[in-house]
Amino acid sequence: MQKIDLHRMQELLPDYVFGKLDNEEKALFEHNLQYYPEIKQEADDAKRVFQRFEQMDVDAFLNSKTKNTSVAVHRKLENRPKRFGKFAMVKYYLPIAAAIALIYVVYTKSDTNNSLSKQEIVAHQTKEFVSVNDVNIIIDSTSSQIEIDETTEIVISNNKGVFSDLIPDTETANNLSDKLLSQELAKIDADELLITDNSNLNLLSGLEELDETQFQTFLKELKK
Amino acid sequence: MTINKEDEILNALKTGNYNQAITAFVREYQNFVFNTAFRFLNSIEDAEDISQDVFIKAAEAIKSFRGESSIKTWLYRITKNYCLNYIRKQKVRKVFSFFTDISEDKGNTYKDNAALPDNLIESSELELKFLKAINKLPTKQRETFALRYFDEMPYNEIAAILGTTVGGLKANYYQAVKKLAIELDEFKD
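Residue numbers (our numbering), protein chains in the order written: chain F, 36 to 259; chain H, 9 to 197.
So this is what it looks like as structure tokens:
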């Protein structure tokens with residue numbers, strides 16, 4: 036009978052211990068034990084330990100733990116909610132739909148708050164909102180820059196206060212105010228000596244007469 | 009007529025008397041699934057719960073079972089996935105455990121053995137020690153040992169489940185037996 040290597044002996048050991056080798060393999064293993072005393076010792080130790088557990092009825096132990104499994108499975112299958120039944124609608128789909136609706140409402144409401152409406156501006160009393168063109172500015176060649184700056188500073192700070200009341204976000208209010216006023220300032224020709232209240236644009240009274248569509252158009256024009 | 013063969017069970021689940029087929033299916037594989045779950049979870053209570061979920065999943069998915077592997081292989085994969093998901097959820101729960109009181113002990117239920125006769129308690133403890141010693145093995149050694157020793161699966165099937173070679177399996181099996189012999193030396197005859 037041939038001699039087999041240590042690695043092969045180790046591969047055969049477990050099945051030998053548990054009696055799973057066929058007759059030929061068993062004979063080969065037992066023949067080679069003489070060459071590997073450590074393998075013989077391991078096999079003997081394993082057999083003595085596992086003999087104790089072979090007597091133990093693991094299946095009976097497992098059966099005691101699983102005897103009610105089929106009943107429990109049947110019960111769970113019967114109680115399982117159907118995906119598209121009424122229960123599923125109430126439990127799953129309605130809350131999801133409600134959450135989506137809530138997110139949509141919050142989003143559209145926050146978007147509305149950020150936009151100016153003509154009514155809000157009018158209702159907020161335009162008498163506080165001052166246009167640069169409403170102020171008499173006398174510009175001479177030496178002091179024009181200073182006077183323009185001082186005047187615009189007053190106008191800008193006053194208007195920012197108005198816009199801040201209309202728009203909760205101070206930064207947005209300031210930005211819009213700056214934008215409107217810079218548009219106004221851009222129309223002032225520095226070579227002109229006088230800007231009177233006969234100038235072309237009076238935002239104050241003009242806004243009162245605008246309807247919603249006209250006001251939106253007005254805002255678009257400002258942006259341009 | 010009792011249903012007790014793999015093919016008959018499969019056919020019955022797909023086409024026949026569903027309730028009877030489910031019962032036969034569960035009874036045929038409940039020990040295998042439970043034992044597998046217990047090895048991953050080390051808790052009898054958790055293994056029982058997971059076993060039920062595995063069979064429910066299997067019952068729902070049986071129509072898509074193509075028969076390319078054995079039912080045991082298929083059930084093993086489902087059980088392993090459920091167990092690993094469960095373990096992951098337990099880890100997340102532990103992270104937030106200071107928000108809720110989840111101090112309940114979900115270990116083995118052998119504390120309930122006070123009502124059992126002594127010989128039954130001793131027998132149960134021996135089996136539990138044996139199973140727990142197996143659970144201490146590294147994963148591949150543990151699974152190789154369990155699938156070969158308890159379920160008597162052929163090496164090539166175990167290799168397919170564990171994604172390893174037959175040679176590697178046999179080496180794992182040898183190491184597992186050697187370690188268990190040392191671990192359980194106190195029980196030597």
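In this text, a Cβ means the ideal position worked out from N, Cα and C, and glycines have one as well.
Boundaries (first-last residue) of the alpha helix (DSSP H) holding residue i
{"i": "F/Gln45", "result": "41-52"}
{"i": "F/Leu254", "result": "247-258"}
{"i": "H/Gly176", "result": "174-191"}
{"i": "H/Asn43", "result": "26-49"}
{"i": "H/Glu76", "result": "Here H/Glu76 belongs to no alpha helix (DSSP H), and DSSP marks it neither H nor E."}
{"i": "F/Val106", "result": "104-114"}
{"i": "F/Gln37", "result": "Looking at the DSSP string, F/Gln37 is not in any alpha helix (DSSP H), and its letter there is neither H nor E."}
{"i": "H/Tyr163", "result": "163-170"}
{"i": "H/Gln149", "result": "147-157"}
{"i": "F/Phe64", "result": "58-67"}
{"i": "H/Lys22", "result": "14-23"}
{"i": "H/Lys65", "result": "52-69"}
Closest residue to residue i among the options (Cα-Cα distance)
{"i": "F/His66", "options": "F/Arg83, F/Ala81, F/Asp80, F/Leu48", "result": "F/Leu48"}
{"i": "F/Glu73", "options": "H/Lys186, H/Lys140, H/Glu191, H/Phe195", "result": "H/Lys186"}
{"i": "H/Thr44", "options": "H/Val174, H/Arg85, H/Tyr182", "result": "H/Arg85"}
{"i": "H/Glu160", "options": "F/Gly54, F/Leu68, F/Ile39, F/Val106", "result": "F/Gly54"}
{"i": "F/Asp50", "options": "H/Asp15, H/Tyr94, H/Ala69, H/Leu177", "result": "H/Leu177"}
{"i": "H/Asn19", "options": "H/Val62, H/Ser72, H/Thr87, H/Arg47", "result": "H/Ser72"}
{"i": "H/Ile30", "options": "F/Lys111, F/Arg87, F/Leu242", "result": "F/Lys111"}
{"i": "H/Tyr181", "options": "H/Ile142, H/Glu194, H/Phe195", "result": "H/Ile142"}
{"i": "F/Tyr71", "options": "F/Glu89, F/Met44, F/Ser99", "result": "F/Met44"}
{"i": "H/Thr87", "options": "H/Lys99, H/Arg74, H/Asp57, H/Gly75", "result": "H/Asp57"}
{"i": "H/Phe7", "options": "F/Asp40, F/Phe88, F/Ser145, F/Asp246", "result": "Residue 7 of chain H is absent from the model: chain H starts at 9 and stops at 197."}
{"i": "F/Thr104", "options": "H/Gln98, H/Asp193, H/Ala55, H/Glu194", "result": "H/Ala55"}
{"i": "H/Leu134", "options": "F/Leu129, F/Val106, F/Phe96", "result": "F/Phe96"}
{"i": "H/Phe46", "options": "H/Ser77, H/Ala184, H/Lys22, H/Glu151", "result": "H/Glu151"}
{"i": "H/Ala167", "options": "H/Leu21, H/Glu36, H/Ser77", "result": "H/Ser77"}
{"i": "H/Glu36", "options": "H/Asn50, H/Thr23, H/Asp15, H/Lys22", "result": "H/Asp15"}
Per-residue contacts from residue i into chain F (C-beta, under 8 Å)
{"i": "H/Thr198", "result": "Beyond the ends of chain H as shown, which are 9 and 197, falls residue 198 of chain H; an answer cannot be given."}
{"i": "H/Ser59", "result": "Thr101, Thr104"}
{"i": "H/Ala189", "result": "Glu77, Asp80, Ala81, Val84, Phe85"}
{"i": "H/Asp15", "result": "Near H/Asp15 there are no residues of chain F at all, since even the closest Cβ is about 20 Å away, more than 8 Å."}
{"i": "H/Phe195", "result": "Val84, Arg87, Phe88"}
Alpha-carbon spacing of residue i relative to residue j, whole angstroms
{"i": "F/Ala134", "j": "F/Val125", "result": "13 Å"}
{"i": "H/Lys148", "j": "F/Val141", "result": "53 Å"}
{"i": "F/Asn114", "j": "F/Val108", "result": "10 Å"}
{"i": "H/Pro162", "j": "H/Arg156", "result": "7 Å"}
{"i": "F/Ile183", "j": "F/Leu257", "result": "Model confidence at F/Ile183 stands at a pLDDT of 47, short of 50, so the residue's coordinates are unreliable; what they give is reported in the following sentence. Distance between the alpha carbons of F/Ile183 and F/Leu257 is about 21 Å."}
{"i": "H/Ala189", "j": "H/Ile70", "result": "40 Å"}
{"i": "F/Asn58", "j": "H/Gln38", "result": "33 Å"}
{"i": "H/Lys65", "j": "F/Thr101", "result": "17 Å"}
{"i": "F/Ile138", "j": "H/Ala154", "result": "52 Å"}
{"i": "H/Asn25", "j": "F/Ala78", "result": "49 Å"}
{"i": "H/Glu165", "j": "F/Ala136", "result": "52 Å"}
{"i": "F/Val84", "j": "H/Phe33", "result": "34 Å"}
{"i": "H/Lys80", "j": "H/Leu92", "result": "18 Å"}
{"i": "F/Leu242", "j": "F/Lys259", "result": "18 Å"}
{"i": "H/Gly175", "j": "F/Lys61", "result": "19 Å"}
{"i": "H/Lys144", "j": "F/Thr143", "result": "58 Å"}
{"i": "H/Ile5", "j": "F/Asp40", "result": "No information on residue 5 of chain H is available, as it lies outside the stretch 9 to 197 that chain H covers here."}
{"i": "F/Tyr127", "j": "H/Lys13", "result": "40 Å"}
{"i": "H/Phe48", "j": "F/Met36", "result": "43 Å"}
{"i": "F/Asn98", "j": "F/Lys38", "result": "44 Å"}
{"i": "H/Ala179", "j": "H/Thr173", "result": "10 Å"}
{"i": "F/Ala81", "j": "H/Asp193", "result": "9 Å"}
{"i": "H/Lys102", "j": "H/Asn27", "result": "39 Å"}
{"i": "H/Val62", "j": "H/Phe40", "result": "11 Å"}
{"i": "H/Phe195", "j": "F/Gln86", "result": "9 Å"}
{"i": "F/His42", "j": "F/Leu68", "result": "13 Å"}
{"i": "H/Ile169", "j": "H/Ile17", "result": "22 Å"}
{"i": "F/Gln251", "j": "F/Ser145", "result": "18 Å"}
Listed by chain order, chain H residues near residue i by CB distance under 9 Å
{"i": "F/Gln45", "result": "Lys178, Ala179, Tyr182, Gln183, Lys186"}
{"i": "F/Val140", "result": "Here the premise fails: no neighbours, minimum Cβ distance about 30 Å."}
{"i": "F/Phe53", "result": "Arg156, Tyr157, Val185"}
Contacts that residue i makes with chain F (C-beta to C-beta distance below 9 Å)
{"i": "H/Gln28", "result": "Under the 9 Å cutoff, chain F gives no residues; its nearest Cβ is about 11 Å from H/Gln28."}
{"i": "H/Leu192", "result": "Val84, Phe85, Arg87, Phe88"}
Amino acids of chain H, ordered along the chain, whose beta-carbon sits closer than 7 Å to that of residue i
{"i": "F/Lys100", "result": "Phe42, Ile52, Glu56"}
{"i": "F/Leu97", "result": "Asn39, Phe42, Asn43"}
{"i": "F/Pro49", "result": "Tyr181, Tyr182, Val185"}
Under 7 Å by beta carbon: chain C residues contacting residue i
{"i": "F/Phe88", "result": "Annotation note: the requested chain C is absent from the structure, which comprises protein chains F and H."}
Contact test: residue i Cβ vs the ligand HEM heavy atom, cutoff 7 Å
{"i": "H/Gln28", "result": "The ligand HEM is absent from the structure shown, which contains no ligands of any kind."}
Within chain H, partners of residue i - CB distance below 8 Å
{"i": "F/Asp94", "result": "Asn39"}
{"i": "F/Leu245", "result": "Correct list: empty, because the minimum Cβ distance to chain H is about 56 Å."}
{"i": "F/Leu112", "result": "Ile30, Ile64, Ala67"}
Neighbouring residues, chain F, relative to residue i (Cβ below 7 Å)
{"i": "H/Arg35", "result": "Ser105"}
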